[in-house]
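Asks: Numbering (UniProt numbering), first residue to last: 1 to 458. Have a look at this one before I ask anything.
Okay, structure coming up:
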């Protein structure tokens, strides 16, 4: 049935049947008929173009099974998956997630919560989001952080749109490193198309910004310069202050891409002159999903009223107690419509909660230790691979964070394929280059990876 009988009480203890309608679409049949007549349609079904091959005909044709039978069948199906150890990175990083993250975030008041528009019923979640914002502010050194974006790619797109809005003079170019991850560039170009911006790249040398080439390519028509540290190749940028100064001299915003673990060790973005910081905060709180993320977005105070997404602020109740609430909502789409700072009208609040719990459980010392391990593990693994004939690692003569590129004498496609046959997944990033990422979750398999590389290149 597409409608539901509703019973209405008549105030005398009795009841009567109301018109049939869905509790989620409260129009009566007469109202539906009137609307269909006004637009010249005979039925609601005419409004939807559903191919006959996938249209529901009233039968699912699925054999009925018990829960035990279904669970057994699914376990058998999943058991056919090849057992592989991932040494994959490039924006998707697998760090150990403490059990407390699941224990707290899966509580029903968090898991089933909707947007916290009613602060009187949402103080707990609002405080958690405020703490997330505070953590990002502390890690970046900037003044304002929102309580999340969809992912790093949408955060980058929003950064470019913000830079275009705040620029005093005209301009339309956005400069990004040539090694920018494909998904980030794709989303950025979608944003740029709507904002009448163009995306151009600048080259890198040994994995880091070619400053001379960037100086040649920047001009008065550039609205934003984007750099990453760590880069897509895992290198740590060494001239961020120079890039920031160059951008400032041309009245362009400087946007830096990073993540919370790296920010615990590297110099604060504010200290190197960043105007905007974006990245993926789900490196903490989520296992590598190779899909869903958590965009972080922080800016200097001068950009406050141009920030996309939601902001949680503090206030006081009538009796003087601290209270949390969504603030500066006149920036947002549900109020300003087409004049809003962003078309995004939601966020990743639950994932932000998980990240905040993870950061809090690590503490400042634990987070710094994790970041230091990301440097030492990458360096040690690269050194071991470099001892193998036919491998040069790292390919870039830089400091690295989590991951690095290794050059191989054999074609990278063959090396990656044969490593997969032996149970190890690495990135193929060039004709003779593979990329390896090491964290605490796969470091115990490094010995076997090294042995497998030796076999492949023997």
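Every residue gets a Cβ at the ideal spot worked out from N, C-alpha and C, and that includes glycine. Remember, predicted model here, so these are calculated numbers, not experimental data.
Quick one: grab the DSSP three-state call for residue 1.
Replies: Below a pLDDT of 50, predicted positions are generally treated as unreliable, and residue 1, at 37, falls in that range; no measurement from the model is reported.
Asks: Taking only runs that begin and end inside the region 415-439, name each unbroken beta strand (DSSP E) of 3 or more residues, in chain order.
Replies: Qualifying beta strand (DSSP E) stretches, in chain order: 427-430 and 433-437.
Asks: Given residue 192, which residues of its chain have a CB within under 7 Å of its CB, disregarding the five upstream and five downstream residues?
Replies: Correct list, in chain order: 160, 174, 198 and 199.
Asks: If you check the beta carbons only, do residue 437 and residue 89 fall under 8 Å apart?
Replies: Yes, the pair counts as a contact, with Cβ atoms nearer than the cut-off.
Asks: Does residue 295 come out as helix, strand or coil in the three-state DSSP assignment?
Replies: Note: residue 295 maps to strand in three-state DSSP.
Asks: Candidates 341, 177, 447 and 441: which alpha carbon is nearest residue 93's?
Replies: Among 341, 177, 447 and 441, the Cα nearest to that of residue 93 belongs to 441.
Asks: Could you pull the start and end residues of the beta strand (DSSP E) that residue 323 belongs to?
Replies: Run containing residue 323: 322-326, per the beta strand (DSSP E) assignment.
Asks: Give the DSSP bridge partners of residue 201, in chain order.
Replies: According to DSSP, residue 201 bridges with 176.
Asks: Please classify residue 1: is it buried, with 16 or more other beta-carbons within 10 angstroms of its beta-carbon, or exposed?
Replies: Unreliable positioning characterises residue 1 in this predicted model, as indicated by a pLDDT of 37, which lies under 50. The coordinate reading is nonetheless provided below. Per the 10 Å Cβ criterion, exposed.
Asks: Tell me the rounded alpha-carbon separation between residue 275 and residue 328.
Replies: Distance between the alpha carbons of residue 275 and residue 328: 20 Å.
Asks: If residue 223 and residue 252 are in contact, beta carbons under 8 Å, what's the gap, nearest whole angstrom?
Replies: 6 Å between Cβ atoms; contact.
Asks: Using C-beta distances below 8 Å, list every residue in its chain close to residue 13, excluding the 5 sequence neighbours before and after it, in chain order.
Replies: Because the pLDDT of residue 13 is 45, which lies under 50, any placement of that residue in the model is unreliable, and the number read from its coordinates should be weighed accordingly. Hits under 8 Å: none found.
Asks: With which residues is residue 304 paired in a DSSP beta bridge?
Replies: Answer is none; residue 304 lacks a bridge partner.
Asks: Relative to the C-alpha of residue 363, which residue among 264, 281 and 47 is closest?
Replies: Nearest option by C-alpha distance: 264.
Asks: Just reading off the beta strand (DSSP E) that residue 258 is part of, what are its end residues?
Replies: From DSSP, the beta strand (DSSP E) with residue 258 extends over 253-258.
Asks: Could one say the Cβ of residue 62 lies closer than 8 Å to chain C's Cβ atoms, at least one of them?
Replies: Judged by its chain identifiers, the structure shown contains no chain C, having just a single protein chain.
Asks: Exposed or buried, residue 260, counting other C-beta atoms within 10 Å across all chains shown (16 or more means buried)?
Replies: Classification for residue 260: buried.
Asks: Short check: CB of residue 404 to CB of residue 375, under 8 Å?
Replies: Not closer than 8 Å, so no.
Asks: Does residue 74 come out as helix, strand or coil in the three-state DSSP assignment?
Replies: DSSP places residue 74 in helix when its eight states are reduced to three.
Asks: Using CA coordinates, which residue listed in 73, 26, 165 and 53 is at the minimum distance from residue 303?
Replies: For the residues 73, 26, 165 and 53, the minimum Cα distance to residue 303 belongs to 165.
Asks: How long is the line joining the alpha carbons of residue 4 and residue 188, rounded to whole angstroms?
Replies: Low confidence applies here, because residue 4 scores a pLDDT of 38, under 50, leaving its location unreliable; read the following figure in that light. The alpha-carbon atoms of residue 4 and residue 188 are separated by roughly 45 Å.
Asks: Check residue 145 in the structure and name its three-state DSSP category.
Replies: In this structure, residue 145 counts as strand in the three-state DSSP scheme.
Asks: Keeping to the same chain, check which residues put their C-beta closer than 7 Å to that of residue 486; ignore five residues upstream and five downstream.
Replies: In the structure as shown, the chain starts at 1 and stops at 458, and residue 486 therefore has no counterpart that could be examined.
Asks: Closest by CA to residue 133, which one among 429, 352, 455 and 426?
Replies: With distances taken between Cα atoms, residue 133 lies closest to 352.
Asks: Spatial neighbours of residue 412 within its chain, please: C-beta separation below 8 Å, excluding the five flanking residues on both sides.
Replies: Only 428, 429, 430, 431, 432, 433 and 434 meet the Cβ criterion.
Asks: Quick one: grab the DSSP three-state call for residue 140.
Replies: Helix, per DSSP.
Asks: Please classify residue 300 as buried or exposed, where buried requires at least 16 neighbouring CB atoms within 10 angstroms.
Replies: The residue is buried, with at least 16 neighbouring Cβ atoms inside 10 Å.
Asks: When burial is assigned at 16 or more other CB atoms within 10 Å of the CB, is residue 39 buried or exposed?
Replies: With fewer than 16 Cβ atoms within 10 Å of its Cβ, residue 39 is classed as exposed.
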